[in-house]
Amino acid sequence: MRKIKFLLLTAVALVLTACRTRPAAYLANQPLGPQINYTITGIDAGAGVMSSTTKALAAYDLTKGKWQLQTSSTAAMTSTLGKAIKHKQPIVVTGWQPHWMFTKYHLKFLKDPKNVYGHAESIHTIARLGLKQAKPQAYTVLDRFHWTPKDMSAVMLQVNNGVDPKQAAKQWLRQHPASLKTWTKGVAKAHGQLTLTYVAWDSEIASTNVVAEALRQVGYDVSIRPMEIQPLWASVATGAADAMVCAWLPNTSGKYYADYKGKFTDLGENLKGARVGLAVPTYMKKINSINDLLTK
Numbered sequence: 002m003r004k005i006k007f008l009l010l011t012a013v014a015l016v017l018t019a020c021r022t023r024p025a026a027y028l029a030n031q032p033l034g035p036q037i038n039y040t041i042t043g044i045d046a047g048a049g050v051m052s053s054t055t056k057a058l059a060a061y062d063l064t065k066g067k068w069q070l071q072t073s074s075t076a077a078m079t080s081t082l083g084k085a086i087k088h089k090q091p092i093v094v095t096g097w098q099p100h101w102m103f104t105k106y107h108l109k110f111l112k113d114p115k116n117v118y119g120h121a122e123s124i125h126t127i128a129r130l131g132l133k134q135a136k137p138q139a140y141t142v143l144d145r146f147h148w149t150p151k152d153m154s155a156v157m158l159q160v161n162n163g164v165d166p167k168q169a170a171k172q173w174l175r176q177h178p179a180s181l182k183t184w185t186k187g188v189a190k191a192h193g194q195l196t197l198t199y200v201a202w203d204s205e206i207a208s209t210n211v212v213a214e215a216l217r218q219v220g221y222d223v224s225i226r227p228m229e230i231q232p233l234w235a236s237v238a239t240g241a242a243d244a245m246v247c248a249w250l251p252n253t254s255g256k257y258y259a260d261y262k263g264k265f266t267d268l269g270e271n272l273k274g275a276r277v278g279l280a281v282p283t284y285m286k287k288i289n290s291i292n293d294l295l296t297k
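Here the sequence shown is numbered in the numbering used here, starting from 2 and rising by one per residue.
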């Protein structure tokens, strides 16, 4: 009997502890700042969206209002976002699209009346100098590579659901034979090694694996290597890597594009309609603009 009472008391204690430690659900009739400790949940420090958000903090006087940007990682940010949404809790994150979180969750970008984050971006393919002459088949496939935010989000969501990125890429290509044909039609069988580098963001994991599989289809032995954003650009600019397909322009990667200009070949955009900014769950109906972080 004593053992049963002890177990019951322990269970009650655990429930009460969980209730105390779980943050409260979003309260629309109370200021947002105190509810989330005036914190915007970010990603890696070197990411362009983090630099833009630091500028936004100043531009909208958020630093005077105690607001701060928390550095973490993409995985940590999306995990925190998922937990918050599960319990309808308030949260503000650095967001970008395409990304699986906009497919899996109901999110909205906050309006940016001061245009700190800029307008919609495009993602470009960047190749090392001389690639066209050294590996013309690879250059052709990379030059033709183009897809949509919806395409990219589909691969990202598969990876987020536990599918190996390489397998997710193969599956997408099997389901979209017309895209593969467009990229590879008339390309002669190739041989040799090819190195692609990328930033380990979900969007870039998706695009790099898909284009790598397309290049393998024409005969290349392709290796892909994740890097931080500055070494990524340096790898192509120095010829250590053959190409990348993850240059968000003109804002996110703009600094590195300028730093290494003349040391690479820009093959143009492989995706239109990319966007970055601050995002919140749609159930936070009163928060629609960055200005609202101070006033609502």
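Glycine included, each C-beta is placed from N, C-alpha and C at the ideal position.
*Could you tell me the distance, in whole angstroms, from the CA atom of G255 to the CA atom of A201?*
For G255 and A201, the distance between alpha carbons rounds to 18 Å.
*asked:* To test your reading of the DSSP string, which unbroken alpha helix (DSSP H) runs of 4 or more residues are found completely within the stretch 95-156?
replied: Within the stretch 95-156, the complete alpha helix (DSSP H) runs of at least 4 residues are 101-105, 132-135, 137-145.
*Using alpha carbons as the reference points, say which of F265, L294, L272 lies closest to A128.*
Looking at the Cα atoms, F265 is the closest of the given residues.
*asked:* Can you list, in chain order, the residues of its chain with a C-beta nearer than 8 Å to that of A235? Leave out the 5 residues immediately preceding and following it.
replied: Cβ neighbours of A235 beyond the five flanking positions: A241, Y261.
*Beta-carbon proximity list for A189, same chain, < 7 Å, skipping 5 on both sides*: Its chain contains Q138 as the residues whose beta carbon lies nearer than 7 Å to that of A189, once the 5 sequence neighbours on both sides are disregarded; these appear in chain order.
*Going straight from the alpha carbon of L302 to that of V93, what length do you get?*
Since the first residue of the chain shown is 2 and the last is 297, residue 302 is not available in this structure.
*Under the rule that 16 or more other beta-carbon atoms within 10 Å means buried, what is A179, buried or exposed?*
Exposed, since its Cβ has fewer than 16 Cβ neighbours within 10 Å.
_Three-state secondary structure (DSSP) of N271_ = DSSP places N271 within a strand segment (E or B) once states are collapsed to three.
_So for P227, helix, strand or coil by DSSP?_
In the three-state DSSP reduction, P227 falls in the strand class (E or B).
_Candidates Y118, K84, A259, of which the one nearest Y61 by Cα_ = That would be Y118, whose Cα lies nearest to the Cα of Y61.
*asked:* Between which residues of its own chain and A248 is the CB-CB distance below 6 Å, once the five residues before and five after are set aside?
replied: Around A248: H125, I127, S254.
_Of the listed residues K151, A169, D152, nearest to Q159 (C-alpha basis)_ = For the residues K151, A169, D152, the minimum Cα distance to Q159 belongs to A169.
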